[in-house]
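**Q** Heads up, the sequence shown is in numbering that gives the first Met the number 0, so the first residue is 0 and it goes up one at a time.
Ideal Cβ positions, reconstructed from N, Cα and C, are used throughout, including at glycine.
Since the model is a prediction, treat every value here as computed from it, not as a measurement.
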Amino acid sequence: MPTRLIVSAPATGKTNACIDDIRVVLEKYPLAKIRVIVPDRLQAAYFRRRLSASGGSIGVYVGTFNDLYKNILEKSGGYVPVASNALLHRIVQDVVDATPLVHYASLRTQPGFILALQDVFAELKRALIYPETFINSSKGTSLAQQELAQLYVAYQTKLRNMGWADFEGLSWLAVAALEESPNLMENSMQLLVVDGFDSFIGTQRRILQLLEKFTNLLITLPGEVAFSRTAHRRFARTYSSLQKDFSLELLINSSTNFLPADIAHVESHLFTSIPASIIKPIQPFLRELRSPAEESREALRWIKSLVIRTAIPLQECAIFAPDLNQYRPYLHSAALEFGLPVHFTQSDSLTMSPAITALLHLLSLQTQNFRTNALFKVLRSPYFSFGLPLEIIDSLEQVSHLGMVVEGREQWNEIWERLSPSGTSSPIDLDDERTLKKLPHGIAIQPLQTHLDDFFQMITPPEGVRSQTEWTRWLEDLLTNLHFHENSNGEQDEIALEGFREALRALVMSESIVGARVVDYQQYLSDLQNTLAGSALSEPSAPGASILIGNIREARGLRFKAVAILGLSEGLLPSVERPDPFLPESLREELGLDSRLEREQGSLFYQAVTRADAHLLLTRPYLSEDGELWEASPYWNAVESLFEKNTTVQKTRPDDPRPLTDAASSQELLFWAVRRKGVPQHYADLETRWHQLQHARDVIRSRRAKLADGTYEGATHDLQMELTKRFAPEKVWSASRLETYGTCPQMFYVKTVLDLEATAPRSLGLDIAQGGSILHKVLEEVYRTADNPEKVDSVLKRLPEVAKSVFATAPQDFGFRPSELWELEQDQFIAMLETTIVALAKASDGWTPMAYEQAFGIQDTPPLEIELDGEKVLLRGLIDRIDQDADGNLRVVDYKTGSSHLSKEDLMHGRRLQLPLYALAAKEALKLGEPIEGMYWKIRAAESGSLKLSTFKSETGEGIEVAIQTSKEHLTRILKGIRTGDFPPVPPKGGCPDYCPAAQWCWRYQKGGW
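The structure is reproduced here in structure tokens:
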């Protein structure tokens, strides 16, 4: 009998017509066997509900094509087991290993290659492309296509020889069973209904052809008989293929749609070149939001208002997005905040679980040569119990930073060897260029080394090759010892662990079926990662109704009271179409595969907008991530063009005031109330949180003020007693530490009071302090050991030997790990020092070096004592160089590797105090004579800084004494500020130093050059 085909527009009752047909058959033949085929489980559940509501569904089986295939195979007695993802991955891997490849040779070991091949094979099988057909079509074609055909043939041969099938292979077996036994399904079903499809793949069409002779076949298809509209192109192609494969009896459904007026207008005129009419919508239903995150919140807020105000059941609401990977995090977060249960149709990969991510980080340590950043991420993970106290981990991390351990056990062993001798000296706070941190030495490192060695021993996999079963056994023992399962005790973690156990079982089972796969650890880890990537992370079971959230493709065949469609901006919907790298368009056309470049996404959108029986919302982001305007999708423009201008689109900016009654959560209500500067009295239960927000507002207002002042801007006056005691007169200060306060009081507070420091990522090579220390050391030694330090030639003659000696032990002395550039850097340092020595000699006419690295207040040397307001202030430091003229007068020289902030203004503002204080120390602490000059010398720039003590001018006079007095005045101000707890963040002129430990979070940070 001919196949009946119902063609009509969406929402005109095609599913109702199917149900009516089922009711007619059941009334006539109460024991009739009826089967309904729908695209997926969602539509199956939906059809069952509709069928039950119509009077019962006894004798009617509702399922998918895969259910039909299984039923056919059961009847034929030829059912074969279906391979799991892990087993299929193993089979494809074996096929790739056994097939000689040239074009794809470089991809053999890439984890994504196996998954990509699985997708290609699945698509070929769904389209009923047999290996022989593919081989024939590849003759004389590209090497890539020939190799792909060889892999496809080998894959199918291996499956057949094993007696297993992949998921798509069930359709082949079902087709083969019906072709071999045409009467197999006779009397098995009196009516076969196929509803909710807008296209059919090759295996589906073939199975329906084989069943057409023995059953009453009824198919539905959206669209209109003429199929002349752009929105119906996808359906037109399907209709054309059905006409070729079936003897059709066309049933015209003349029912008008039951859609609301605005949606019905969209359905009737979408994508038509000239709409029959332009109307005014009942209310705007297109909303522009700033970002996908704002879209997600708006859609869920809209649904919640409908659920509460119009009593629409949650299960009658749905959200569809073009890319769930992009929108899922935002929708999930907003749903939690709004208290809305949701159900995503697509599961995340198991690798998205925090527990599984932590596990993979652990297992990857050895393959990454124990990269230090990854190592400490694992050591601090809450999912593992390594038996390491937190203070031990902190100490290990400090050692790794200061010892520049970048990766590898060899570097750890090297640092242990370097630190094994006892060390008692403390780090000296010399200046911002030369302060080097102290590492633990001797007996103090023994527990650190023992703990870390035990950790390495515990997690390092055995050497050599093993079967996957043996590797899995080792892994399970490791996780048991680390209490991984006990520590993964959250609901999501437990679900992920169940999926993880299934993945391990699948790996072991694959060996029992295919044979042992003997691999090294790295290959086992790759196999495990691929298995986990192909495993789904199930959602926690939510009791009761929930909002459906799915991909735009999944909207077909379902109906809801309220539907929101997101992502109607350019590039999102329609999505950008790209050719398949494995199956190019020419090959697709030859094999009869669907094109990747002509997917008729407009037809999918057309169906999606007609899914709503009562309420429809379309949204789009209007700003891209970089803040540029984001153009609307052509689909958005097509809908907007059907209505009067400026009547359908509502643009909602984040700062727009909104009624508090529209807030979908208490957090949102309070956030909006802050903008309204008040919360109504009937929200008394939010009063406590409102006061907290007011406090936060005061903090933000204070921090936005032009001048930093007050409790929220570094004023810690309640700590005066503690600060006065901690920074008492007997404390010996370094000039550089006091300069920190002069530069920015907040930087001093963070760096000195809180003792925080910025930790830069570990890397090979020198940092600024280490480079400065090396240059200082070479200059000191070369002048000290030169036969005549007054003569440039004498100094330059000593430079290569001295530099070589300093460079030889520099990594150990200054705590860095040389990079590949170290040899080049040494040459650059020598060239730089040659230039600076020559330039310094020219700037030293009349001056003779007399002392180098002169310490005061360090170890046994007396400190500089300065009387300030009846208090003795004690200072320490290390003067790089002191010169003497013919009259015995002194010049203080302080080396700097940087070139900025060495001017008169820096002394005037208290940012540079070192030079005048060192000059005073040379006179009063070291008793070396009368200083009459002082200057900063820029080593890299080979020139002096603009500040000269002899020419320093202020409102009170000129000369070195005025400079010294200026520094004393700053000392008085700085010490008072420290002891009274006055630490406002005040960015210095020219910007903040990048080494400030507060640079990452300070609200007044201004990037500058130091």
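Given this structure, state the Cα-to-Cα distance separating residue 658 from residue 616, to the nearest angstrom.
**A** Taking the straight line from one Cα to the other gives about 19 Å.
**Q** Enumerate in chain order the residues of its own chain whose CB-to-CB distance from residue 784 is below 6 Å, with the five nearest sequence positions on each side excluded.
**A** Excluding residues within five positions, the ones whose Cβ falls inside 6 Å are 797.
**Q** May I ask you to list the residues that DSSP assigns as paired with residue 319?
**A** Paired residue(s): 549 and 564.
**Q** Figure out for me which residue from 791, 417 and 226 has the closest Cα to the Cα of residue 841.
**A** Of 791, 417 and 226, the residue nearest in Cα terms is 791.
**Q** Give the secondary structure of residue 119 by DSSP, where H, G and I count as helix, E and B as strand, and everything else as coil.
**A** Residue state, collapsed to three classes: helix.
**Q** Measure the CB-CB distance between residue 924 and residue 862 and report whether it falls below 8 Å.
**A** In this structure, residue 862 lies closer than 8 Å to residue 924 by Cβ.
**Q** So which of 598, 588, 586 and 583 has the shortest CA-CA distance to residue 576?
**A** Cα-wise, what sits closest to residue 576 is 598.
**Q** Less than 8 Å between the beta carbons of residue 330 and residue 299, yes or no?
**A** Going by C-beta atoms, residue 330 is nearer than 8 Å to residue 299.
**Q** Within 10 Å of its beta-carbon, does residue 449 have 16 or more other beta-carbons around it, so buried, or fewer, so exposed?
**A** So residue 449 ends up on the exposed side.
**Q** With residue 74 as the anchor, note down where its beta strand (DSSP E) starts and where it stops.
**A** Looking at the DSSP string, residue 74 is not in any beta strand (DSSP E); the run it does join, the alpha helix (DSSP H), is 64 to 75.
**Q** Decide if residue 21 is buried, meaning its Cβ has at least 16 other Cβ atoms within 10 Å, or exposed.
**A** Classification for residue 21: buried.
**Q** Quick test of the definition: if touching needs 3 or more C-beta pairs under 8 Å, does the stretch 665 to 681 touch the stretch 702 to 721?
**A** With a cut-off of 8 Å, the stretch 702 to 721 and the stretch 665 to 681 do not count as touching, because too few Cβ pairs lie within range.
**Q** Is the distance from the Cβ of residue 632 to the Cβ of residue 572 below 8 Å?
**A** Yes. Within cutoff.
**Q** Taking 8 Å as the threshold, find out whether the stretch 536 to 551 comes into contact with the stretch 96 to 103 through three or more Cβ pairs.
**A** Not touching, per the Cβ criterion.
**Q** Which first and last residues belong to the beta strand (DSSP E) in which residue 215 is found?
**A** Looking at the DSSP string, the run of the beta strand (DSSP E) that includes residue 215 is 215 to 221.
**Q** What is the DSSP secondary structure of residue 415, reduced to helix, strand or coil?
**A** Residue 415: helix per DSSP, three-state reduction.
**Q** For residue 872 versus residue 930, is the C-beta spacing smaller than 8 Å?
**A** Cβ distance not < 8 Å, so residue 872 and residue 930 don't count as in contact.
**Q** Between the C-alpha atoms of residue 1071 and residue 788, what's the straight-line distance to the nearest angstrom?
**A** Past the edges of the chain, shown from 0 to 1009, lies residue 1071, and the structure says nothing about it.
**Q** Please determine, among 248, 73 and 322, the residue with the shortest C-alpha to C-alpha distance to residue 551.
**A** Measuring from the Cα of residue 551, the nearest candidate turns out to be 322.
**Q** Among all the DSSP beta bridges, which residues are the ones paired with residue 649?
**A** Residue 649 is bridged to 286.
**Q** Per DSSP, residue 52 is paired with what?
**A** DSSP output for residue 52 lists no bridge partner at all.
**Q** Under 8 Å by Cβ, that's how I've got residue 158 and residue 168 pegged, so tell me the actual separation to the nearest angstrom.
**A** 7 Å between Cβ atoms; contact.
**Q** Which residues in the same chain have their Cβ closer than 6 Å to the Cβ of residue 1007, if we skip the five residues on either side of it in sequence?
**A** So the list reads 989, 990 and 991, once near-sequence residues are dropped.
**Q** Going by DSSP in three states, residue 784 sits in which element: helix, strand or coil?
**A** Residue 784: helix per DSSP, three-state reduction.
**Q** Rounded to a whole number of angstroms, what is the C-alpha to C-alpha distance between residue 424 and residue 864?
**A** Summary for residue 424: the model assigns pLDDT 47, below 50, so the residue's position carries little reliability; its value from the coordinates is reported in the next sentence. Going from the Cα of residue 424 to the Cα of residue 864 covers about 24 Å.
**Q** With which residues is residue 848 paired in a DSSP beta bridge?
**A** DSSP lists 882 as partners of residue 848.
**Q** How about residue 346 and residue 538: do their beta carbons lie closer than 8 Å?
**A** In contact: residue 346 and residue 538 (Cβ atoms closer than 8 Å).
**Q** Count the C-beta pairs between the stretch 971 to 989 and the stretch 742 to 754 that are closer than 8 Å, then say yes if the count reaches three, no if not.
**A** At 8 Å Cβ cutoff, the stretches touch.
**Q** Confirm, please, whether the CB-CB distance from residue 612 to residue 559 is below 8 Å.
**A** The answer is yes: Cβ separation under 8 Å.
**Q** How should residue 431 be labelled, buried or exposed, when 16 other C-beta atoms within 10 angstroms of its C-beta is the threshold for buried?
**A** With a pLDDT of 49 at residue 431, under the threshold of 50, the predicted position of this residue should be treated as unreliable, though the coordinate-derived value follows. Under this definition residue 431 is a buried residue.
**Q** Which of helix, strand or coil does DSSP assign to residue 367?
**A** Note: residue 367 maps to coil in three-state DSSP.
**Q** Kindly indicate which three-state DSSP category residue 945 falls into: helix, strand or coil?
**A** Residue 945: strand per DSSP, three-state reduction.
**Q** Any idea if residue 139 is buried or exposed, counting beta-carbon neighbours within 10 angstroms, 16 or more meaning buried?
**A** With fewer than 16 other Cβ atoms within 10 Å, it is exposed.
**Q** For residue 254, does the three-state DSSP call read helix, strand or coil?
**A** Coil.
**Q** Are residue 151 and residue 106 touching if we call contact CB-CB under 8 Å?
**A** Contact: no.
**Q** Have a look at the DSSP bridge pairing and note the partners of residue 342.
**A** Paired residue(s): 547.
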